[in-house]
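The sequence shown lines up with residues 1 to 289 when you count with UniProt numbering. What follows is a short report on a single structure.
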Amino acid sequence: MSTQTQAPVRRDPRSADARDVAVRLEDVSRVFRRGGEVKALDGVSLSVPRGSFLAVMGRSGSGKSTLLQIAAGLDVPTSGSVWIGDTEVSSLRETPRTRFRRDRVGFVFQGYNLLPSLTVEENITLPLRLAGTAVDRAWVGTLVEQTGLADLLHRLPGELSGGQQQRVAITRALGPRPDVVFADEPTGALDLATGQRVLALLGELVAEHGQTVVMVTHDPGAAAFAHDTVVMADGRIREVLLSPDAESLAAVLGEQSVLDAQGGPDAGAQGVPDGEGVLDAQGVLGGQR
1 MSTQTQAPVR RDPRSADARD VAVRLEDVSR VFRRGGEVKA LDGVSLSVPR
51 GSFLAVMGRS GSGKSTLLQI AAGLDVPTSG SVWIGDTEVS SLRETPRTRF
101 RRDRVGFVFQ GYNLLPSLTV EENITLPLRL AGTAVDRAWV GTLVEQTGLA
151 DLLHRLPGEL SGGQQQRVAI TRALGPRPDV VFADEPTGAL DLATGQRVLA
201 LLGELVAEHG QTVVMVTHDP GAAAFAHDTV VMADGRIREV LLSPDAESLA
251 AVLGEQSVLD AQGGPDAGAQ GVPDGEGVLD AQGVLGGQR
């Protein structure tokens, strides 16, 4: 069964101009064959408006990490199409797709993925320098001020707290002015208070600069910082919640746990287990050389 859910567009999606959509998935499926057929995504359709903050939430194996990899152009669907802006990313061969990610997509990782021998400033400008692109000092300066890194530019990552390192990673992701930033469990390695500050910062960057952010998380509290949340189950979009709070998101996951325990319609999620579909620096920064 395919899920044809258009979300989270806050108006009739049939009238939405394609120029207002940052990321679009059309009937996307992803099948892995590892000693048997595993359908990690099953007919997913999704539109992410420009300037929005979308969370993708689900239990382990729900397909949320695979969705992120497909949407970000790190993997290609078995069927269906993926668009970022006006580019059909899913039709690109590997080398052009790598260049596209470098120039048009930003990434924030759970583990920060900063190079330990480079200063904060050098880490921030690294993607631009690898691409041979001139650094927009005014724009980077604006980001540095907003993320509170102005006094830390000459420090090494090892001299920073976890929250400071994640702020460096966010600034690095936004430096090239990407069409969209994909964040994979960006607060997973942080304590609660620091994680909330990082999520609030992402929200501010969306609100003030019109940045589009798609964040994968298993945490209802983190998802509540986003505008809207897509809930994944069994490789499909189970539902879309507009402006949900943490309690309602936790309730949705709680209901899913009951279904799993009872062998309900979404029991036995077919998505690849967490850890097999997550973003990694080798696939992103390593491909920028």
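Ideal Cβ placement from N, Cα and C applies to all residues, glycine included.
If you draw a straight line from the alpha carbon of residue i to that of residue j, how long is it in whole angstroms?
i	j	result
Gly132	Val144	21 Å
Val44	Arg99	25 Å
Arg93	Glu247	43 Å
Leu118	Ser60	34 Å
Leu174	Leu242	25 Å
Val180	Asp20	13 Å
Thr142	Arg177	12 Å
Thr78	Glu159	44 Å
Arg50	Ser65	21 Å
Asp136	Glu122	14 Å
Leu38	Ala193	It should be pointed out that residue 38 corresponds to Val in this sequence rather than to Leu. Whole-angstrom Cα-Cα distance: 38 Å.
Leu46	Thr187	24 Å
Pop quiz: residue i and residue j are said to be a contact at Cβ under 8 Å. What is the actual Cβ separation, rounded to whole angstroms?
i	j	result
Ala226	Gly195	Going by Cβ atoms, the distance from Ala226 to Gly195 rounds to 14 Å, so no, they are not a contact pair.
Thr217	Glu185	6 Å
Leu149	Thr171	6 Å
Ala189	Gln110	6 Å
Ile124	Val140	6 Å
Once the 5 residues before and after residue i are set aside, which same chain residues still bring their CB inside 7 Å of it?
i	result
Leu67	Leu41, Val44, Val56 and Met232
Asp191	none
Is the CB-CB distance between residue i and residue j below 8 Å?
i	j	result
Val214	Val23	yes
Arg155	Val120	yes
Leu115	Leu128	no
Trp83	Val89	yes
Gly210	Phe53	no
Ser62	Asp234	yes
Ala200	Pro220	no
Thr212	Val48	yes
Tyr112	Gln146	no
Gly73	Arg101	yes
Glu26	Ser81	yes
Would residue i be called buried (16 or more neighbouring beta carbons within 10 Å of its own) or exposed?
i	result
Gly36	exposed
Ala169	buried
Asp245	exposed
Ala71	buried
Ala183	buried
Gln262	Annotation note: pLDDT 46 at Gln262 (below 50); position unreliable, no value reported.
Arg34	exposed
Ala224	buried
Pro96	exposed
Gly58	buried
Arg236	buried
Which same chain residues end up closer than 6 Å to residue i when comparing Cβ atoms and leaving out the 5 residues on each side of it in sequence?
i	result
Val252	Val231
Gly264	Low confidence applies to Gly264: its pLDDT is 44, below 50, so where it sits in the model is not reliable, and the reading given next is rough at best. So no residue of the chain qualifies.
Gly85	Asp179
Pro157	Leu114, Pro116 and Gln165
Asp205	First, the amino acid is wrong: residue 205 is Leu here, not Asp. Taken in chain order, the residues that qualify are Gln211.
In chain order, what residues of the same chain have a beta carbon less than 8 Å from the beta carbon of residue i, not counting five sequence neighbours either side?
i	result
Arg197	Gly163
Ala134	Leu128
Arg167	Thr147, Gly148, Leu149, Val198 and Leu201
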